[in-house]
Amino acid sequence: MKLDFDLLFGKRLLTFIHILFPDFKNASTLLVLVLLIIAILDQIATYFIGILPSEFLVILGKRDKHNFKYLTLKAIIFIIFKALILSLVKYLSSLLYLKCRENFNYTLHRFYFKRHGFYRLNGFEQNIDNPDQRMTQDIEKATRIFCTDLLCPIILSPLIIIYYSYLTFISAGWMAPLSIYIYFVIATFTNKILISPIVSLTNEQEKREGDFRLKHVEVRCNTESIAFYQSGLIENILTNQKLQKLIKTQKELVYKRFILNFITNTFNYFGGTLSYLIIGIPVFITKSYDNLTIDELTALVSKNAFFYIYLIHAFTNLISLSDNLGSLAGVTHRIIELYEELKRLHEDRLETDRPPSTVPSNIVIIASKDKQKRHTFQKLNCIKKQDVNGESNLKKVEQLYGKQIKNIINNDSDNDEVECLLGELHSSNLLDNEKERLSNNSFDSSSDNEIVLKFDHVTISNHFDNSTIFVNGLSLSLTIGKNLLITGDSSIGKTSILRVMAGLWEPSSGKVERLWKIRPSTFFFTPQKTYFPSGGLSLRQQIVYPLKVFSIENDTSQFQFILQSLHLTNLQNRCGGLDSPIDFDLNENLSPGELQRLAIARILYHKPKFAFLDESTSAVGLGMETIIYKLLLQFNINYVSVGHRDSLRKFHDKELKILSDGNWKMIDLDSISISSDDKSFIENNSILSI
4 MKLDFDLLFG KRLLTFIHIL FPDFKNASTL LVLVLLIIAI LDQIATYFIG
54 ILPSEFLVIL GKRDKHNFKY LTLKAIIFII FKALILSLVK YLSSLLYLKC
104 RENFNYTLHR FYFKRHGFYR LNGFEQNIDN PDQRMTQDIE KATRIFCTDL
154 LCPIILSPLI IIYYSYLTFI SAGWMAPLSI YIYFVIATFT NKILISPIVS
204 LTNEQEKREG DFRLKHVEVR CNTESIAFYQ SGLIENILTN QKLQKLIKTQ
254 KELVYKRFIL NFITNTFNYF GGTLSYLIIG IPVFITKSYD NLTIDELTAL
304 VSKNAFFYIY LIHAFTNLIS LSDNLGSLAG VTHRIIELYE ELKRLHEDRL
354 ETDRPPSTVP SNIVIIASKD KQKRHTFQKL NCIKKQDVNG ESNLKKVEQL
404 YGKQIKNIIN NDSDNDEVEC LLGELHSSNL LDNEKERLSN NSFDSSSDNE
454 IVLKFDHVTI SNHFDNSTIF VNGLSLSLTI GKNLLITGDS SIGKTSILRV
504 MAGLWEPSSG KVERLWKIRP STFFFTPQKT YFPSGGLSLR QQIVYPLKVF
554 SIENDTSQFQ FILQSLHLTN LQNRCGGLDS PIDFDLNENL SPGELQRLAI
604 ARILYHKPKF AFLDESTSAV GLGMETIIYK LLLQFNINYV SVGHRDSLRK
654 FHDKELKILS DGNWKMIDLD SISISSDDKS FIENNSILSI
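The working numbering applies: residue 4 is where the sequence shown begins, and numbers increase by one.
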């Protein structure tokens, strides 16, 4: 599609403005109103400064020394007021830009991280290029140009031109070049002193910009792994934290620039009055102009007419806006196009997930009595929107998720997202949940052979090419106490089965039923490509991921046992302990085997009812593989494994072998095939003693 300065741009510009200013009570709307009032005061101050030349002309013509001193003092007061007002205009414009950028980013983040929008956009949509750049650099550029360069000039420039066209007859100007050069040197030296602290802040701002962009790139490069972990919420929180650090740095920079602008504008506008002070020297001190008539003196002063200069400035400023307006049109097309696509994906997924009932996405409840379902929700510690009372809880949510959570709580129909978010943050329930999780009692004890997930004649095809069928007519049931192994040749479609189980893919035909919601305490997916977020997170946070660490665990014995059992004690030392920020990238600095063992540590920490392991032991030795599976059994964790090794069969009860052309077969394995040597090895390494 050809993008131009046309009706489509006008429509998208209206959408852009609506996102920036959603209602009259929004802070950005109030900032605009205050900014316009200050801008009008600025023009009033400019007018009074502009009429000073005529007053000076009268005083100079009469050679009234007493009134000249009074008028000089009056001019200084007006100039300082003008400098302060103009600095406030730029200050408020910068604050408006930050608020608008925050509004737009929070809006796009919500659609981007909801219902795996990041996964679908980066994985399947080919018509949107570089969504990470659009959400970082393009939004920054669009909001900056609109708020700081275009908003006030477009609204006020026509009025300025009309009014000052009439006032062109009043003049002002400069004399004595030497005095102006000295004035310029003084102003330059002063500005140099004020600019020095801004340089370091500007460098810090660029660093924060890079971190913010890198986080979006990280999400883009690990979309499937994040989707498997069901960690859109925590990634939203981590990304917003990057944004908040960036905004904080920019606010400090705005404050420093406010002082610089005040001093700079004082020098700039005092220069206009300096010409009259210079004229006063030959008039009152040297008496050089005693031979001039009143008309000659008036003509001399009128050469530098203030209103004429200001009128030219108004026209020049208006013409220069065309370049900024063209830049705004280009980036507005890009960011609103992204917004429209995310909104379309959100609406399409909403219809796909919930037609025609209102059952939350990614779950189908089967064979559950009302009492059992209520009990499960109570154990999950999820709360309804109408139960959210008190400012303290809301402020906790705002700090993590952004202030637009108010609109979500009040207006959004997706109870599931709000319940999970607020339920995890409720401090008293957090302690109860943690005690339950640590004792592995988050759910009632499940009986063997209880079905938790069922495939009914499910056909899975290539998401990009429906003609390529991975599995045809698959029927299986995941039950408590039975562990499943999925095998097959490379690239035959084993991982596609896990994608359907996780709700990332929809089957081409058939039915998928889940008894439980996908939560870290129920279904925990470990993708083939391990993922550990960057950004200075602690080792504890990496293990607790995809949940957020709160300061409620003083006992580290569980973490110590898990790390020791997986031979990762040295990693804890390298990271400086459990709670120190990690200053290196785990994905780049750990071996594949260490990454896989750390991914297993997440499973052991969360103790899910079912763990899904996609080639999760392919980079470790057979001895460590045995340790891992024995730990899973000891922690009472059921599992579904995808792998190639023959050694995996002895840890599973059934094998689903994927054949070519969509064929498959289910094989019953001898669960007693674990040899006595294996048992002796485990006992000697104290794995069974927890």
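All C-beta atoms, glycine included, are put in the ideal place defined by N, C-alpha and C.
With a cutoff of 7 Å on beta-carbon distance, Thr-529 and Ala-602 are scored as near each other. In terms of Cβ geometry, Lys-660 and Lys-668 form a close pair [threshold 7 Å]. By the criterion of at least three beta-carbon pairs nearer than 8 Å, the segment 228-247 is in contact with the segment 499-509. If you draw a 10 Å sphere on the C-beta of Arg-347, you find fewer than 16 other C-beta atoms in it, and that means exposed.
Within the same chain, Phe-24, Leu-99, Leu-154 come within 8 Å of Val-35 by CB-CB distance, once the 5 residues on both sides are set aside. Going by beta carbons, Ile-630 and Thr-620 fall outside the 7 Å limit.
Secondary structure at Lys-610: coil, using DSSP grouped into helix, strand and coil. Between Leu-488 and the set Tyr-642, Arg-137, Lys-532, Pro-595, the nearest pair of CA atoms involves Tyr-642. The Cβ atoms of Leu-518 and Val-455 lie closer than 7 Å to each other. By the CB criterion at 7 Å, Arg-137 and Leu-11 fall outside the cutoff. In the structure shown, Asn-641 falls within a strand segment according to DSSP collapsed to helix, strand and coil. Distance from the CA atom of Leu-566 to the CA atom of Ser-560, rounded to whole angstroms, is 10 Å. Under DSSP, Gly-580 shares a beta bridge with no residue. Pro-584 sits exposed, since fewer than 16 C-beta atoms from the chains shown fall within 10 Å of its C-beta. Between the beta-carbon of Arg-15 and that of Asp-141 there is about 13 Å, and that puts the pair past the 8 Å contact cut.
With distances taken between CA atoms, Leu-479 lies nearest to His-460 out of Phe-467, Ser-494, His-460, Asn-469. A check of alpha carbon separations from Asp-135 across Glu-658, Leu-345, Ser-90, Leu-634 identifies Leu-345 as the nearest. Under the three-state reduction of DSSP output, Thr-252 falls in the helix class.
As the crow flies, the alpha-carbon of Asp-214 is around 45 Å from that of Ser-663. Under DSSP, Lys-514 forms a beta bridge with Asp-459.
Per DSSP, Gly-624 has no beta-bridge partner at all. With respect to the 7 Å criterion, Leu-625 and Ser-650 are classified as neighbours on the basis of their beta carbons. Here Thr-226 is not near Tyr-115, since their CB atoms are 7 Å or more apart.
Each residue's CA atom was taken as its position, placing Ile-163 and Tyr-73 some 29 Å apart.
Under the three-pair Cβ rule at 8 Å, the segment 97-113 counts as touching the segment 235-255. For Phe-467, there is no enclosing alpha helix (DSSP H), since its DSSP letter is neither H nor E. With a threshold of 16 other beta carbon atoms within 10 Å, Phe-613 meets it and is buried. Distances from the CA of Lys-457 to each of Thr-482, Ser-464, Val-474, Asn-475 were compared; the closest alpha carbon is that of Thr-482. If the five residues before and after Glu-453 are omitted, its C-beta is found closer than 7 Å to the C-beta atoms of Thr-482, Ile-483, all from its own chain and listed in chain order.
Around Val-37, the same chain offers Leu-95 as residues with beta carbons nearer than 7 Å, after the five sequence neighbours per side are excluded.
Nearest C-alpha to Asn-239 among Thr-533, Arg-211, Tyr-109: Tyr-109. Excluding residues up to 5 positions away in sequence, Val-334 lie with their Cβ nearer than 6 Å to the Cβ of Lys-144 in the same chain. In this structure, Asp-45 sits near Leu-89, with a CB-CB distance shorter than 7 Å.
In terms of Cα proximity to Leu-17, the closest of Val-220, His-609, Phe-149, Asn-590 is Phe-149.
Non-local beta-carbon contacts of Ile-41 in its own chain, meaning distances under 8 Å to residues more than five positions away in sequence, involve Ile-88, Leu-91, Val-92, Leu-95 in chain order. Nearest to Thr-242 by alpha-carbon distance, out of Arg-223, Arg-260, Val-645, Gly-476, is Arg-223.
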